[in-house]
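Remarks on the structure that follows.
There are 2 protein chains.
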Amino acid sequence: MRSEERLNSPSIPNDVEVALERAVAAHRHEHLFAERAANIKQSAVRDVFDISMRPGLVSLAGGNPFLQSLPLDKLGGLAYQLVTEQGLTALQYGGGQGTAELRRQICEVMAEEGITDADPANVVVTVGSQSAQDIACKVFCNPGDVVLCEDPTYVGALNTFESYQVRAEPVPVDDRGLVPEELERRIAELRASGANVKFLYTIPSFNNPSGITLDAGRRQQIVDICREANVLVLEDNPYGLLRFDGHPLLPLRAGNPDDVIYLGSFSKILAPGLRIGWALVPAHLQRRFYLASESVTLCPPTLNQMLVSGYLESHDWRGQIGTYRRLYAERCAAMLDALDEFMPAGTSWTRPDGGFFVWVTMPEHVDTYPLLHAAIDAGVVFIPGAAFTPSDKPSNKLRLAFSAVSTELIREGVRRLAPVLEEAVEKRRQESRS
Amino acid sequence: MRSEERLNSPSIPNDVEVALERAVAAHRHEHLFAERAANIKQSAVRDVFDISMRPGLVSLAGGNPFLQSLPLDKLGGLAYQLVTEQGLTALQYGGGQGTAELRRQICEVMAEEGITDADPANVVVTVGSQSAQDIACKVFCNPGDVVLCEDPTYVGALNTFESYQVRAEPVPVDDRGLVPEELERRIAELRASGANVKFLYTIPSFNNPSGITLDAGRRQQIVDICREANVLVLEDNPYGLLRFDGHPLLPLRAGNPDDVIYLGSFSKILAPGLRIGWALVPAHLQRRFYLASESVTLCPPTLNQMLVSGYLESHDWRGQIGTYRRLYAERCAAMLDALDEFMPAGTSWTRPDGGFFVWVTMPEHVDTYPLLHAAIDAGVVFIPGAAFTPSDKPSNKLRLAFSAVSTELIREGVRRLAPVLEEAVEKRRQESRS
Numbered sequence: 001m002r003s004e005e006r007l008n009s010p011s012i013p014n015d016v017e018v019a020l021e022r023a024v025a026a027h028r029h030e031h032l033f034a035e036r037a038a039n040i041k042q043s044a045v046r047d048v049f050d051i052s053m054r055p056g057l058v059s060l061a062g063g064n065p066f067l068q069s070l071p072l073d074k075l076g077g078l079a080y081q082l083v084t085e086q087g088l089t090a091l092q093y094g095g096g097q098g099t100a101e102l103r104r105q106i107c108e109v110m111a112e113e114g115i116t117d118a119d120p121a122n123v124v125v126t127v128g129s130q131s132a133q134d135i136a137c138k139v140f141c142n143p144g145d146v147v148l149c150e151d152p153t154y155v156g157a158l159n160t161f162e163s164y165q166v167r168a169e170p171v172p173v174d175d176r177g178l179v180p181e182e183l184e185r186r187i188a189e190l191r192a193s194g195a196n197v198k199f200l201y202t203i204p205s206f207n208n209p210s211g212i213t214l215d216a217g218r219r220q221q222i223v224d225i226c227r228e229a230n231v232l233v234l235e236d237n238p239y240g241l242l243r244f245d246g247h248p249l250l251p252l253r254a255g256n257p258d259d260v261i262y263l264g265s266f267s268k269i270l271a272p273g274l275r276i277g278w279a280l281v282p283a284h285l286q287r288r289f290y291l292a293s294e295s296v297t298l299c300p301p302t303l304n305q306m307l308v309s310g311y312l313e314s315h316d317w318r319g320q321i322g323t324y325r326r327l328y329a330e331r332c333a334a335m336l337d338a339l340d341e342f343m344p345a346g347t348s349w350t351r352p353d354g355g356f357f358v359w360v361t362m363p364e365h366v367d368t369y370p371l372l373h374a375a376i377d378a379g380v381v382f383i384p385g386a387a388f389t390p391s392d393k394p395s396n397k398l399r400l401a402f403s404a405v406s407t408e409l410i411r412e413g414v415r416r417l418a419p420v421l422e423e424a425v426e427k428r429r430q431e432s433r434s
Numbered sequence: 001m002r003s004e005e006r007l008n009s010p011s012i013p014n015d016v017e018v019a020l021e022r023a024v025a026a027h028r029h030e031h032l033f034a035e036r037a038a039n040i041k042q043s044a045v046r047d048v049f050d051i052s053m054r055p056g057l058v059s060l061a062g063g064n065p066f067l068q069s070l071p072l073d074k075l076g077g078l079a080y081q082l083v084t085e086q087g088l089t090a091l092q093y094g095g096g097q098g099t100a101e102l103r104r105q106i107c108e109v110m111a112e113e114g115i116t117d118a119d120p121a122n123v124v125v126t127v128g129s130q131s132a133q134d135i136a137c138k139v140f141c142n143p144g145d146v147v148l149c150e151d152p153t154y155v156g157a158l159n160t161f162e163s164y165q166v167r168a169e170p171v172p173v174d175d176r177g178l179v180p181e182e183l184e185r186r187i188a189e190l191r192a193s194g195a196n197v198k199f200l201y202t203i204p205s206f207n208n209p210s211g212i213t214l215d216a217g218r219r220q221q222i223v224d225i226c227r228e229a230n231v232l233v234l235e236d237n238p239y240g241l242l243r244f245d246g247h248p249l250l251p252l253r254a255g256n257p258d259d260v261i262y263l264g265s266f267s268k269i270l271a272p273g274l275r276i277g278w279a280l281v282p283a284h285l286q287r288r289f290y291l292a293s294e295s296v297t298l299c300p301p302t303l304n305q306m307l308v309s310g311y312l313e314s315h316d317w318r319g320q321i322g323t324y325r326r327l328y329a330e331r332c333a334a335m336l337d338a339l340d341e342f343m344p345a346g347t348s349w350t351r352p353d354g355g356f357f358v359w360v361t362m363p364e365h366v367d368t369y370p371l372l373h374a375a376i377d378a379g380v381v382f383i384p385g386a387a388f389t390p391s392d393k394p395s396n397k398l399r400l401a402f403s404a405v406s407t408e409l410i411r412e413g414v415r416r417l418a419p420v421l422e423e424a425v426e427k428r429r430q431e432s433r434s
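Structure (structure tokens):
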């Protein structure tokens, strides 16, 4: 088809012609990609997103909150009221930083965990806290810069770091979280090698995926080490209020307003489909953070912000968090019971105090990635550990989520998983003998 | 306060101590910023966002759609139904590319303008089309790369380009839009100078801010020149369906599926507060575009997507666009009448066929930026032209929006603006004499 005819006759040429033209275009455009583009990968969590939906499968994969316990009638009524009575505001553009009302309420939510000095002026509402991670990289990271993180850590953050061509360098963790001495040593090593270390990305409470919590006694030490080394702390705390005993630990941000960027989210304590998160930013960094956020989305969705505000205003949100807490505590206990009952010798797992996840360790040299297929055949889905580590090596870990399924299904899922893991353990034992 | 005490006693030190600590932290953290951070600026449109809200002022500044004509009761009812009956889906995480239903419907919306071969698999739902511009830069632009654009062009896009350290190079425009010969010449010049030209960013219909439309007869020529030079086209078309005569021009994408990334939005034809836009991406570029989008936001807000879907499904959205079209046509006519009546000699302006904006030109060497203050004193707000151009020079242009205010207020706003401009013209005349 001659090019000048294209616009005026959008009739479809035959399949072969289309395929040929596409191949030629793909070839022509290959060198137009940015260097970073090759680094942007599919998340393993997303890989299994569709699989998890298959009927009959027990999904221990996705960290979805259990929305059945939300007051849907009330939220629906709120949405109706907002659109019909305040639609001209709720459906219109808003300020880039988020509504003043929501930012004020976010300070109340943070006070619940012990951040008592937050100023709404330093809160930036974001499209989920994923977007806040993207903004932090945009503001602070040149290609080649280093970000420190736990190993394992949140797969979405690792993807963001890769998309900014940032080197994610793991800091060793034990069952009480980041090891301060190791953090100090790692920073010194990296500095000595000429690396630009920009921030420590950490999920101190009920880490995703490990479920491990940074010990209260270590928290200030971690911030002090970072401050001393002039490394910012990016504290990602979506689960903090979901500590099973109802007594959340003080966030790293609490006494450290100038050194910690704190990321919060309504995804786990209300609803992820609204995509409303936030960053509490040190006052001297607020403007650059806010402008970067505005440059990506103009403003967070107004209706969603007002819906969260209305919910916080009119509903017993603390009570709702209590309901979630008890629910997840029960499910976590069910998962730990089932693991105790069914798991083969040679496996171990974490015992979280809150959050959504248990982290299972298989014997060394077992790669959990190929086990996923056998697990799916057995009727259960998990996320292989390799997804959550900055290293490219195979992983002998796997993540199990207890947030989204009933205690019965958790037990059933673990029961189905056990023989798959047992076979792998056995196979590994035979290999190491021969 | 000793650091180990901070976390455990979040009592507030005195003001001086806080201010000192902050200043020290600001100094320490200054070198942690990424190179791009200094490039991320406040948009001039945002600068006047708050001012525009002052009571008594007539704002011809913001390009807000007129939401009063929306069926708010119906939308509220839909929102209620979605949350109460499908809340477990609407409030949960969704797929990163957007819901299958909305992507299918988006293809119907695009068909209304003459894009008849769009495949929902190549549609990526984004958080407004601002976010799609960010993603396009993420996927294609290294620092120092060149993007071609109209001059003037959308301020939000210019901000995005700056945030990616991309050079925005203007291509001359006449009253029929981009001049093909100039585009060809500019690409050749830039190539000769060693520049990496990645894409042409264009708003072909009712350009923001100029209101100018790319002539139908030039459209295929523009795409052909880009294809020949192996430069992608990023077509930003939020206003296309708002052509006053009801006969939208064929988008550049229509006959060119492999060479044009098309950006659409529900912000102008439904509601910007939902932040739902989309990109229709050539099949061979779809995966990288989609993954980059997912890396920023995980998924677009589910409730908002379902609300748009419900609206498109159950409401006469074509009729609603007709209502908008007639309304904006009437307002545009009122603005052009008022300009004819009140504007001083030496000024001229565009006469758009659609969209939201009229672009006023003052005599050469008049800088419209300082006139903003006098205008605010006179009770009217506009956006100075300098905001919309990649150049750093003062601008003798200004943007007037007719979308958000009644015909009476448009007339009143222009009446208030006229003496401010007249004084500037007169002052300029005297300066040029002396």
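Sequence lines, in order, name chains V and A. Position 433 of the first sequence, counted from 1, bears residue number 433 in full-length UniProt numbering, the numbering being contiguous throughout. Position 223 of the second sequence, counted from 1, bears residue number 223 in full-length UniProt numbering, the numbering being contiguous throughout. For every residue, glycine included, the Cβ atom is placed at its ideal position computed from N, Cα and C. Note that the coordinates shown come from a computational prediction; the quantities given were computed from them, not determined experimentally.
Backbone secondary structure at residue i - three-state DSSP
i                      : result
V:Phe-199              : strand
V:Glu-235              : strand
A:Ile-376              : helix
V:Arg-2                : Unreliable positioning characterises V:Arg-2 in this predicted model, as indicated by a pLDDT of 41, which lies under 50. A coordinate reading is not provided.
V:Ser-9                : In this prediction, V:Ser-9 scores a pLDDT of 48, lower than 50, which makes its location untrustworthy; the coordinate-derived value is nonetheless stated afterwards. Of the three classes helix, strand and coil, the one that applies to V:Ser-9 here is coil, per DSSP.
residue 437 of chain A : Past the boundaries of the shown model lies residue 437 of chain A; chain A is included only from 1 to 434, so the question cannot be answered.
A:Val-414              : helix
V:Ser-210              : coil
V:Val-366              : coil
V:Ser-52               : helix
V:Val-58               : strand
V:Glu-426              : helix
V:Arg-288              : helix
A:Lys-74               : helix
A:Met-343              : coil
A:Ser-80               : Checking the displayed sequence, the identity of residue 80 of chain A turns out to be Tyr instead of Ser. Three-state DSSP puts A:Tyr-80 in a helix.
Sequence-distant residues of the same chain with beta carbon closer than 7 Å to residue i, five excluded per side
i         : result
A:Phe-33  : none
V:Gly-240 : Glu-113, Ser-205, Pro-248 and Pro-251
A:Gln-221 : Pro-180
8 Å CB neighbourhood of residue i in its chain, flanking five on each side removed
i         : result
A:Leu-423 : The sequence given here places Glu at residue 423 of chain A; Leu does not occur at that position. Cβ neighbours of A:Glu-423 beyond the five flanking positions: Ala-374.
A:Val-405 : Val-58, Ser-59, Leu-60, Arg-331 and Gly-413
A:Arg-2   : At A:Arg-2, the pLDDT of 41 sits below 50, so the modelled position is not reliable and the matter cannot be decided from this model.
A:Gln-430 : none
A:Leu-91  : Val-83, Thr-302 and Leu-303
A:Glu-35  : Pro-143 and Gln-165
Residue(s) in a DSSP beta bridge with residue i
i         : result
V:Pro-399 : Looking at the sequence itself, residue 399 of chain V is Arg, so the reference to Pro does not match. In DSSP, V:Arg-399 forms a bridge with V:Trp-359 and V:Ile-383.
V:Val-171 : V:Glu-150
A:Ala-279 : A:Val-124 and A:Leu-263
A:Leu-178 : A:Val-173
A:Gly-354 : A:Arg-243
A:Ser-348 : A:Thr-361
Sequence-distant residues of its chain with Cβ nearer than 6 Å to residue i (five each side left out)
i                      : result
V:Ala-283              : Asn-122
A:Ala-254              : Gly-114 and Ile-115
A:Val-16               : none
residue 470 of chain V : Absent from the structure is residue 470 of chain V, since the part of chain V shown begins at 1 and ends at 434.
A:Arg-415              : Phe-342
A:Val-173              : Glu-150
A:Leu-398              : Val-360, Thr-368, Phe-382, Pro-384 and Gly-385
Residue i CB to nearest heavy atom of the ligand NAD below 7 Å
i         : result
V:Tyr-239 : Absence of the ligand NAD from the depicted structure is noted, as is the absence of any ligand whatsoever, leaving it without description.
Open item on the list: I'd like the ranges of any beta strand (DSSP E) spanning at least 3 consecutive residues and lying wholly in the stretch 116-147 of chain V.
Closed with: 123-126
- [ ] Can you give me, in chain order, the residues of the stretch 14-31 of chain V that have a beta carbon less than 7 Å from any beta carbon in chain A?
- [x] Glu-21, Arg-22, Ala-25, Ala-26, Arg-28 and His-29
Task: Proximal residues, the stretch 142-174 of chain A versus chain V, C-beta separation under 9 Å - done: Asn-142, Pro-143, Asp-145, Gly-156, Asn-159, Thr-160, Glu-162, Ser-163 and Tyr-164
TODO: Using a Cβ-Cβ cut-off of less than 7 Å, give me the residues of the stretch 268-285 of chain V that come near chain A, in sequence order.
DONE: Ala-271, Pro-272, Gly-273, Leu-274, Arg-275, Pro-282, Ala-283, His-284 and Leu-285
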